[in-house]
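Sequence lines, in order, name chains A and B.
Residue numbers for the first sequence follow our numbering, so the first one is 570 and each next one is one higher.
Residue numbers for the second sequence follow our numbering, so the first one is 570 and each next one is one higher.
For each residue, glycine too, the CB sits at the ideal point set by N, CA and C.
Only a predicted model underlies this, so the values are computations on that prediction, with no experimental measurement involved.
Accompanying notes for the structure given below.
There are 2 protein chains.
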Amino acid sequence: MSKIEINSNTAPFPKPIVLVGSEVKGRPNFITVAWFNRLNGLPNIWGIALGKNKYTIEGIRENGSFSINIPSTDLIEKTDYCGLHSGREIDKSALFDVFYGKLANTPMIRESPVNAECTVYEYVELPKTLLILGEVKHVYTEERFMTDGVLDPAKIDPIIFTRPGDNYRALGEILGDAWSIGRE
Amino acid sequence: MSKIEINSNTAPFPKPIVLVGSEVKGRPNFITVAWFNRLNGLPNIWGIALGKNKYTIEGIRENGSFSINIPSTDLIEKTDYCGLHSGREIDKSALFDVFYGKLANTPMIRESPVNAECTVYEYVELPKTLLILGEVKHVYTEERFMTDGVLDPAKIDPIIFTRPGDNYRALGEILGDAWSIGRE
Chain A
570 MSKIEINSNT
580 APFPKPIVLV
590 GSEVKGRPNF
600 ITVAWFNRLN
610 GLPNIWGIAL
620 GKNKYTIEGI
630 RENGSFSINI
640 PSTDLIEKTD
650 YCGLHSGREI
660 DKSALFDVFY
670 GKLANTPMIR
680 ESPVNAECTV
690 YEYVELPKTL
700 LILGEVKHVY
710 TEERFMTDGV
720 LDPAKIDPII
730 FTRPGDNYRA
740 LGEILGDAWS
750 IGRE
Chain B
570 MSKIEINSNT
580 APFPKPIVLV
590 GSEVKGRPNF
600 ITVAWFNRLN
610 GLPNIWGIAL
620 GKNKYTIEGI
630 RENGSFSINI
640 PSTDLIEKTD
650 YCGLHSGREI
660 DKSALFDVFY
670 GKLANTPMIR
680 ESPVNAECTV
690 YEYVELPKTL
700 LILGEVKHVY
710 TEERFMTDGV
720 LDPAKIDPII
730 FTRPGDNYRA
740 LGEILGDAWS
750 IGRE
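Written out as structure tokens, the structure reads:
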């Protein structure tokens, strides 16, 4: 079959879903983000792209820090809820069991299998979003999400976002090992 | 159970796997990238973070453009191969059926269900990587990857990378609809 050109305003690849935690006006707030990934190793830098009007940005700018919380699939309803409503209109501080680590004013979600405290490394202004680069300072989990002392993606059971269709999905089966299956 | 702090040099969330195409020294080259996501809508901007020594960067800097090719799971061996070997040492130009769209010197992979031509929007220098922001100019696919005229993630059948373990995985089942399942 031959290639056809389609509308270029699309992004049809899987995206990881995370909950970004910040303290805005003294209150814990959480926003659902799919435009997220690692951008540098050593230092470990993760990036989130947020619409410029997002309430979360006020807290991150004020505190210079934020948290990344990886929700498992059993948190799907609350995760969606955090993407549906702005902290400007709804108090999300009691939605989760909030805990704190070593950074001040950086709320995290106890129910999330993995939590990371980040300090702002850099802001990159884009036309509609603010790309916030955070340096990962501390990472927390529980023993039950590890196998032989290492985090286990299957136990974390993360949520994946796919568009078009705008669905939340689970991780699928292992197909092969990276840096291995392509050796001849 | 209680939270424990673990080594912060981790990134235990799923990442989309793409093949970045560029023409380096007049020859098509492809590199496997997992540090990739959308960063802005309208204009549609996607970002890739590449180790600063990557051969691909020479081609992108020279041409001001690159392609993003979303491989399906049946391309897993060739996708891994492109991550194992540098274009400095190995000629990857015959690995795929290469085609061109509207941008000069921007090779794409016919076997990939979705291909995007991007022009460089901005470079962001990070300690170990170069974050390359590309504006998506043209997107190509085939009818067989669409359902009712819209791209279908299940038909695209993308590859997801999970770490720790460094595995390639398939998309899992649909768990719910975004902007819906969290409504009460």
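Limits of the beta strand (DSSP E) - the one that residue i falls within
| i | result |
| --- | --- |
| G590/A | 587–593 |
| F688/B | First, the residue type needs correcting, since residue 688/B is Thr and not Phe in the sequence shown. From DSSP, the beta strand (DSSP E) with T688/B extends over 683–694. |
Cross-chain neighbours of residue i in chain A, by beta carbon under 7 Å
| i | result |
| --- | --- |
| R738/B | L740, G741, E742, I743, L744 |
| L700/B | L608 |
| L619/B | Chain A residues near L619/B: none, gap ~10 Å exceeds 7 Å. |
| K706/B | S577 |
| R657/B | Under the 7 Å cutoff, chain A gives no residues; its nearest Cβ is about 17 Å from R657/B. |
Where residue i sits in the DSSP three-state scheme
| i | result |
| --- | --- |
| Y650/A | helix |
| G670/B | coil |
| T642/A | helix |
| R732/B | coil |
| K572/A | coil |
| A723/A | helix |
| E753/B | coil |
| F665/A | coil |
| F582/B | coil |
| R713/A | helix |
| S636/A | strand |
| D660/A | coil |
| T698/B | strand |
| G741/B | strand |
| G703/A | strand |
7 Å Cβ cut-off: residues of chain B touching residue i
| i | result |
| --- | --- |
| I725/A | P581 |
| F599/A | Correct list: empty, because the minimum Cβ distance to chain B is about 12 Å. |
| T625/A | Here the premise fails: no neighbours, minimum Cβ distance about 16 Å. |
The alpha helix (DSSP H) enclosing residue i, as first and last residue numbers
| i | result |
| --- | --- |
| I629/A | 624–632 |
Cross-chain neighbours of residue i in chain B, by beta carbon under 8 Å
| i | result |
| --- | --- |
| L611/A | N578, P696, K697 |
| Y692/A | Those do not exist, as Y692/A stays about 11 Å from chain B at its closest Cβ, beyond 8 Å. |
| K584/A | P585, N606, R607 |
Contact set between residue i and chain A, taken where Cβ atoms lie within less than 9 Å
| i | result |
| --- | --- |
| S749/B | D649, L653, D735 |
Residue i: contacting residues in chain A (beta-carbon distance under 8 Å)
| i | result |
| --- | --- |
| I573/B | Y709, T710, E711, E712 |
| F665/B | Result: empty, since nearest Cβ-Cβ is about 13 Å, beyond 8 Å. |
Test: residue i CB closer than 9 Å to a CB of chain D
| i | result |
| --- | --- |
| E680/A | Considering every chain present, this structure includes no chain D. Its protein chains are A and B. |
Residues that residue i contacts on chain B, provided the C-beta gap is smaller than 9 Å
| i | result |
| --- | --- |
| P722/A | P581, F582, P583, T731, R732, P733, G734, N736, R738 |
task = Could you tell me whether the stretch 726–735 of chain B touches the stretch 654–662 of chain B, where touching means 3 or more Cβ pairs closer than 8 Å?
result = no
request  = Determine contact between the stretch 703–714 of chain B and the stretch 674–686 of chain B, defined as no fewer than three beta-carbon pairs at a distance below 8 Å.
outcome  = A contact exists between the stretch 703–714 of chain B and the stretch 674–686 of chain B.
request  = Please specify which runs of the beta strand (DSSP E), each continuous and at least 3 residues long, are wholly inside the stretch 594–622 of chain A, giving them in chain order.
outcome  = 596–602, 605–609, 614–620
inquiry  = Three Cβ pairs or more, each shorter than 8 Å: is that satisfied between the stretch 732–741 of chain A and the stretch 692–702 of chain B?
reply    = These segments do not touch.
key: Segment contact flag, the stretch 745–752 of chain A with the stretch 647–658 of chain B, C-beta cutoff 8 Å, min 3 pairs   = As far as the Cβ criterion goes, the stretch 745–752 of chain A touches the stretch 647–658 of chain B, which means the pair count is three or higher.
key: Touch test, the stretch 598–607 of chain B against the stretch 621–634 of chain B, Cβ-Cβ under 8 Å, three pairs minimum   = yes
query = Pairing CB atoms from the stretch 683–698 of chain B with CB atoms from the stretch 602–616 of chain B, are three or more of them under 8 Å?
reply = yes
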